[in-house]
Amino acid sequence: LKPGLVSIIIAIGFTSWVTMARVVRAQTLKQKNLEYILASRALGQSFWKIAFKHLLPNMAGLIIIQTMFSIPSAIFFEAFLSFLGIGIPSPDASLGALINGGYKTFRLYPHLMWFPSGVLCVLMISFNLLADGLRDAFDPKMKD
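Encoded structure:
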């Protein structure tokens, strides 16, 4: 694949789906033996009705939280690939490309590397804090 947005999306998809699949599978295995699922199965509801009516709504908070925690990783991964030169091509804006440009002229213009690096740090911290807040809001054990 050529460097570009499509190759970055494919790379992030190939590397990050395992974590989400592991979390969803563990939660599904945990919930499939709960009483309301067993009662629905005993009443003869179909697999798809149980999945969409009972399992998915109960796992929605967990899926949202896991997605929010994976966004900073995807942002950093894209910036890393662009910094190496195999990410988004040069005419398009990318934090990694901006940091790479600042890296090349660091001795003369250090601010060209500091500002994109600061934006990247603030962006990653913001998404992590947002995900932490969503985890606190969606976690039923934290309601006490």
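Start counting the sequence shown at 332; every next residue gets the next number (my numbering). Each residue gets a CB set at the ideal place from its N, CA and C atoms; glycine is no exception.
- A distance below 8 angstroms between beta-carbons, with the five flanking residues on each side excluded, links THR398 to the following residues of its chain, in chain order: MET351.
- The beta carbons of MET444 and GLY433 sit about 3 angstroms from each other, so the pair counts as a contact at 8 angstroms.
- Taking C-beta atoms as the reference points, ALA462 and ILE402 count as a pair closer than 9 angstroms.
- Taking 3 residues as the shortest admissible run, the stretch 346-422 contains no complete beta strand (DSSP E) segment at all.
- Rounded to the nearest whole angstrom, the CA to CA distance from ILE430 to PHE446 is 8 angstroms.
- If you draw a straight line from the Cα of PHE411 to the Cα of VAL354, it comes to about 26 angstroms.
- ALA342 is positioned such that its CB atom lies no closer than 9 angstroms to that of PHE414.
- In the DSSP annotation of this structure, the continuous segment of the alpha helix (DSSP H) that includes ALA462 starts and ends at 442-469.
- Rounded to whole angstroms, ALA468 and LEU393 show a C-alpha spacing of 11 angstroms.
- When the Cα atoms are used, PHE383 and GLN358 turn out to be separated by approximately 14 angstroms.
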